[in-house]
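**Q**
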Amino acid sequence: MEIYTQIISYPALLYGYYRVKESDGAAGIDGVELEDFEEDLQKNITRLNYQLTSGKYKPLPLLAFEKKTLPEWNTKKTTVPKIRLLTIPAVRDRIVQAAALNILEPIIDAELEDESFAYRKGFSRESAARRINLLFNKGYTWLLDADIRKFFDSVDHDILFTRLGSIVNDGKLLELIKNWIQCEYVFNNKKWRQLTGLPLGLVISPILANLYLDKFDEEIAKRGMHLVRFADDFVILTRSKTEAMDALKLTAELLADVKLELNTEKTKISNFNEGFKYLGYIFLNSLIVPAGEKDTSKPVPFNIDNDALLEIERFKEITAKKKEAKIFEQNLQSTLLGQQLLTAIENKGLTLNDFIKNLKPEPLLADEKTGDAAGIEKEPEGETLKEKEEGEIKTAKEIPYEAYAVSVKRTLYIQTQGSELRKEGERFLVIKGETILIDIPALRINQIIIFGTSTISPAVMQYCLTNKILISLLSSYGKYFGKIENAFNKNIEIEQLQYLSNLDELFSLGIAKCVVEAKINNLRTLLQRVIKRRENEGIKQAVDELKKCLSNIETAKNAEQLRGVEGNASAVYFAVYGNAFLKGSGFFTPNFTRTKRPPLDPINSLLSFGYTLLSANIYSTLAALGLNPYVGFFHTIRHGHPALASDLIEEFRHVIDSLVIQVINKSILTRKQFYFVKDDEMPCLLTNEGRKEYIRQFEIKMHRVTTHTPTGKKADYRRCILFQVQQYIKVLKREKEKYEPMRVKF
């Protein structure tokens, strides 16, 4: 299949829409906002598909405007405003570009060198800084700090499309991309056309920029030089000043081959002793300090933030002796950056020795009296808590949350696209731009769930891996991608018992029967509660059928027969599940059908998403206690499937099923919180606001105190899960004879 055909398909365009929605953005020249396009999503996507298929698609003119950025210093040491012309494509064009980017990104990325760090998955400003530090430690202490003059305005289209055509043999796609980058733009009420360069603002421009400079990267690497490039800003590290001079000459020649030239005002030869700034960091010998979010090319006061403290802490061992500390201070005095650092320390009333000796970064508390952050509930008091009435839903005011980041006890959900999770002191911060969305104690969190394109700082990653905090990664609309977990959080003894017990068919079958019996019992109880509220003949018959299914469990001779019993019970249950919803809610479905991949209606969407959240909680509990989540006793073991988590979720599925009934029948979620696409193969998804509310209601449900039936204790559902996992370990170790599942009483 041609790449162009893949890009213009309905699913690809719909994906492009979701990707554009994650980034948000203003309307283009036609004034159509994302919300306007979304109002009739299927019709608009279908129209785009038709236009692209029939050859009638033409990109609309770009809306261009000037944006003053950081001040620029000229040779006369005076400031001049630095102007950049930014463009905004129409929403429809951004969607098609995003669809193209999704298909092209892995193809082009495979061609790029590891020296290129911008606009790529798995590469970042931080990883570029780490690469520079690694080269410094290997003795590369000199560098060419270079910048390309007006790079995005100077890209030659013939060179670009020759290179693109060498890896993408698709004439229609090449023509489409050419129409985008040579599109007219409107500036100061006049139309212009750019025949060179890449418009800033196109979704496709960054990856094309990387491809344009790929040959340059390759040639530098062939010469044995060490390049670190971030877009058009790069450094080449060398062992001597002479080699840096050679790199300067070579760079000018290579750039000339692609019709580019160096920005001589921003290009210089430097070394780590003098210090230099790159990508928002200050490099000074082995010290790497963030220069601050509002860094400019003009010298600014040196801010000592928490990251700086941590980096200087590393330097503490080197400067422990007085002689070494004195040499270090002299080196700082000899450079402008070092003088700024010393001035900042002096302003704090400290000497350099005292500062290095007494470094103790202090965490910031959201509440000086309690140390609690907004949105974090108190830890339950176990049996002293009163059990809530079944079906009770708290109001939105009872659990406060930020507009774009939800913080609840034990689980941190990050949904804001483009936000960053950082660690400062002993606290987690969710930040977007200069806004702190949430600030919570790290000790309160035992798992993190990230939706979409949020980033995690290396400090957070290290802390989570060290403290066994599981990080789950989902798409912006809830599709599960994977997890980041500590690979050393293993209990070999327990894992051996898991593997041996899995081979013991009688042992595994015994536990599986207990779990399946509890699942069917819990589903039957849920239906009985529905009948108690209102009569329904279909549900009554299902309750009787489920009772028969219960009687068939004991006669099952193996796991396959037991799965047949469980599958039949699920079919009986879901056949009437749609009757649990009020007729006036718009969700009453007498002939409900369970669809999973993908969920095709709101009820299935809520069920699937809820099971994903519940599974993440069970998985994190299993991993924290040293169990292998992929070795179970009931579900078939297969590659990439956490069978044990799937086993243990069975006795808790009623939690999600009842939650879905509650949020619909109480009108907490309505049809406005869903995207409806009339296509048999496309999922029905929650809107951003709908997903936030559903997650919040999920957490309220998980916090609800109930009776843990095997022990009789009062506990919230998360503790019930913990108790069940602990009990399973005892059964594995043969410290307990029989597994007792979590049963719900009518």
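Going by the numbering used here, the first residue of the sequence shown is number 107, and it counts up by one from there. A virtual CB, placed ideally from N, CA and C, is assigned to each residue, including glycine.
Would you decide whether Y605 is buried or exposed? Buried here means 16 or more other CB atoms lie within 10 Å of its CB.
**A** In the sequence shown, the residue the question calls residue 605 occupies position 499. Under this definition Y605 is an exposed residue.
**Q** Kindly indicate the opening and closing residues of the beta strand (DSSP E) around V292.
**A** Counting from one through the sequence shown, the residue named residue 292 turns up at place 186. 290 to 293 is the span of the beta strand (DSSP E), which, as asked, contains V292.
**Q** Can you tell me whether Y519 is helix, strand or coil according to DSSP?
**A** Position 413 of the sequence shown, counted from the first residue, corresponds to residue 519. Here Y519 sits in strand by DSSP.
**Q** Enumerated in chain order, which unbroken segments of the alpha helix (DSSP H) with a length of 4 residues or greater are wholly contained in the region 604 to 690?
**A** If we require 4 residues or more, the alpha helix (DSSP H) runs fully inside the region 604 to 690 come out as 611 to 639, 643 to 659, 665 to 683.
**Q** Are F715 and M848 closer than 8 Å when you measure CB to CB?
**A** In the sequence shown, residue 715 corresponds to position 609, counting from 1. In the sequence shown, residue 848 corresponds to position 742, counting from 1. Taking 8 Å as the Cβ cut-off, F715 and M848 do not qualify as a contacting pair.
**Q** Between I724 and L712, what straight-line distance do the alpha-carbon atoms span, to the nearest angstrom?
**A** To locate residue 724, count along the sequence shown from 1; it is residue 618. To locate residue 712, count along the sequence shown from 1; it is residue 606. Taking the straight line from one Cα to the other gives about 18 Å.
**Q** Quick check: what's the CA-CA separation for D352 versus L719?
**A** For this step, residue 352 is matched to residue 246 along the sequence shown. For this step, residue 719 is matched to residue 613 along the sequence shown. So the alpha carbons of these two residues sit roughly 56 Å apart.
**Q** So if DSSP puts L249 in a beta bridge, which residue, or which two residues, is it bridged to?
**A** Numbered from its first residue, the sequence shown carries residue 249 at position 143. L343, S376, per the DSSP bridge assignment.
**Q** Closest to V622 by C-alpha separation, out of G673, R335, L688, D130, would be which residue?
**A** Residue numbering aside, residue 622 sits at position 516 when the sequence shown is read from its first letter. Nearest of G673, R335, L688, D130 to V622, Cα basis: G673.
**Q** Please report the distance separating the alpha-carbon of V737 from that of N627.
**A** In the sequence shown, residue 737 corresponds to position 631, counting from 1. In the sequence shown, residue 627 corresponds to position 521, counting from 1. Looking at the two C-alpha atoms, the distance is approximately 25 Å.
**Q** Thinking C-alpha only, which one of I562, T344, H745 is nearest F229?
**A** As a first step, residue 229 must be located in the sequence shown, where it is residue number 123. Cα-wise, what sits closest to F229 is I562.
**Q** If the criterion is Cβ atoms closer than 8 Å, does the pair Q553 and R797 meet it?
**A** In the sequence shown, counting from the first residue as 1, residue 553 sits at position 447. In the sequence shown, counting from the first residue as 1, residue 797 sits at position 691. It is not a contact, given that the beta carbons lie outside the stated cut-off.
**Q** Determine the burial state of F557: buried for a count of at least 16 other Cβ atoms within 10 Å of its Cβ, exposed for fewer.
**A** To locate residue 557, count along the sequence shown from 1; it is residue 451. So F557 counts as buried.
**Q** Does T561 come out as helix, strand or coil in the three-state DSSP assignment?
**A** As a first step, residue 561 is located in the sequence shown; it is residue number 455 there, counting from the start. Reduced to three states, the DSSP call for T561 is strand.
**Q** Is it buried or exposed, S346, if we count other Cβ atoms within 10 angstroms and call 16 or more buried?
**A** Numbered from 1 along the sequence shown, position 240 holds the residue referred to as residue 346. Looking at its Cβ environment, which holds fewer than 16 other Cβ atoms inside 10 Å, S346 is exposed.
**Q** Looking at the unbroken beta strand (DSSP E) that takes in V334, where does it start and where does it end?
**A** As a first step, residue 334 must be located in the sequence shown, where it is residue number 228. V334 -> beta strand (DSSP E) spans 332 to 336.
**Q** Alpha carbon to alpha carbon, how far is A548 from Y717?
**A** Locating residue 548 in the sequence shown gives position 442, counting from the first residue. Locating residue 717 in the sequence shown gives position 611, counting from the first residue. Approximately 26 Å, taken between the alpha carbons.
**Q** Am I right that K800 and L792 are in contact with their C-beta atoms under 8 Å? What's the rounded C-beta distance?
**A** Translated into positions along the sequence shown, residue 800 becomes position 694. Translated into positions along the sequence shown, residue 792 becomes position 686. A quick correction: the sequence has Tyr, not Lys, at residue 800. Right, the Cβ-Cβ distance comes to about 6 Å (below 8 Å), so this counts as a contact.
**Q** Please determine if the region 279 to 296 and the region 366 to 377 are in contact, where contact requires at least 3 C-beta pairs separated by less than 8 Å.
**A** Judged by Cβ distances under 8 Å, the region 279 to 296 makes no contact with the region 366 to 377, as fewer than three pairs qualify.
**Q** Taking 8 Å as the threshold, find out whether the region 119 to 128 comes into contact with the region 141 to 155 through three or more Cβ pairs.
**A** Yes, the region 119 to 128 touches the region 141 to 155.
**Q** Could you have a look at T193 and say whether DSSP puts it in helix, strand or coil?
**A** The residue you call residue 193 lines up with position 87 of the sequence shown. T193 falls in the strand class under three-state DSSP.
**Q** For G277, which of helix, strand or coil comes out of DSSP?
**A** Indexing the sequence shown from 1 puts residue 277 at position 171. Here G277 sits in helix by DSSP.
**Q** Check the C-beta distance from I555 over to T517 and give it rounded, since I have them as a contact under 8 Å.
**A** For the purposes of this step, residue 555 is identified with residue 449 of the sequence shown, where counting begins at 1. For the purposes of this step, residue 517 is identified with residue 411 of the sequence shown, where counting begins at 1. With a Cβ gap of about 6 Å, I555 and T517 count as contacting.
**Q** Check whether the region 125 to 142 and the region 254 to 266 are in contact - that is, three or more C-beta pairs closer than 8 Å.
**A** Output reads no: the region 254 to 266 does not touch the region 125 to 142.
**Q** Run the CB neighbour count on Q300, radius 10 Å, all protein chains shown included, and call it buried at 16 or more, exposed below.
**A** By one-based count along the sequence shown, residue 300 stands at place 194. With 16 or more Cβ atoms within 10 Å of its Cβ, Q300 is classed as buried.
**Q** Just checking, does the region 564 to 584 make contact with the region 802 to 811 on the three C-beta pairs under 8 Å criterion?
**A** Taking 8 Å as the limit for Cβ pairs, the verdict is that the region 802 to 811 does not touch the region 564 to 584.
**Q** At which residue ranges does the region 706 to 768 contain complete alpha helix (DSSP H) runs of 4 or more residues, listed in the order of the chain?
**A** Runs of the alpha helix (DSSP H) inside the region 706 to 768: 708 to 730, 749 to 755.
**Q** List the residues that DSSP assigns as beta-bridge partners of P547.
**A** Position 441 of the sequence shown, counting from 1, holds the residue named residue 547. Answer is R533.
**Q** Expressed to the nearest angstrom, what Euclidean distance is found between the alpha-carbon atoms of A206 and Y683?
**A** On the sequence shown, residue 206 is found 100 positions in, with the first residue counted as 1. On the sequence shown, residue 683 is found 577 positions in, with the first residue counted as 1. Each residue's Cα considered, the two are about 40 Å apart.
**Q** What are the boundary residues of the beta strand (DSSP E) that includes K383?
**A** For the purposes of this step, residue 383 is taken as residue 277 along the sequence shown, with counting starting at 1. Here the beta strand (DSSP E) through K383 covers 382 to 384.
**Q** Within the same chain, show all residues whose beta-carbon is closer than 6 Å to that of K638, passing over the 5 residues directly before and after it, in chain order.
**A** Here residue 638 is taken as the residue at index 532 of the sequence shown, counted from 1. Closer than 6 Å at Cβ, skipping near neighbours: no residue.
**Q** Which same chain residues end up closer than 6 Å to L343 when comparing Cβ atoms and leaving out the 5 residues on each side of it in sequence?
**A** Counting from one through the sequence shown, the residue named residue 343 turns up at place 237. Same-chain partners within the cutoff: L241, Y246, L249, H332.
**Q** Could you tell me whether the region 220 to 229 touches the region 156 to 172, using the rule of 3 or more Cβ pairs below 8 Å?
**A** Short answer: they don't touch.
**Q** Can you give me the C-alpha to C-alpha distance between S392 and N239, rounded to a whole angstrom?
**A** Working through the sequence shown from its first residue, we reach residue 392 at position 286. Working through the sequence shown from its first residue, we reach residue 239 at position 133. Looking at the two C-alpha atoms, the distance is approximately 7 Å.
**Q** Assign A216 to one of two classes, buried (16 or more other C-beta atoms within 10 Å of its C-beta) or exposed (fewer than that).
**A** Taking the sequence shown and counting its residues from 1, one reaches residue 216 at position 110. Exposed is the call here.
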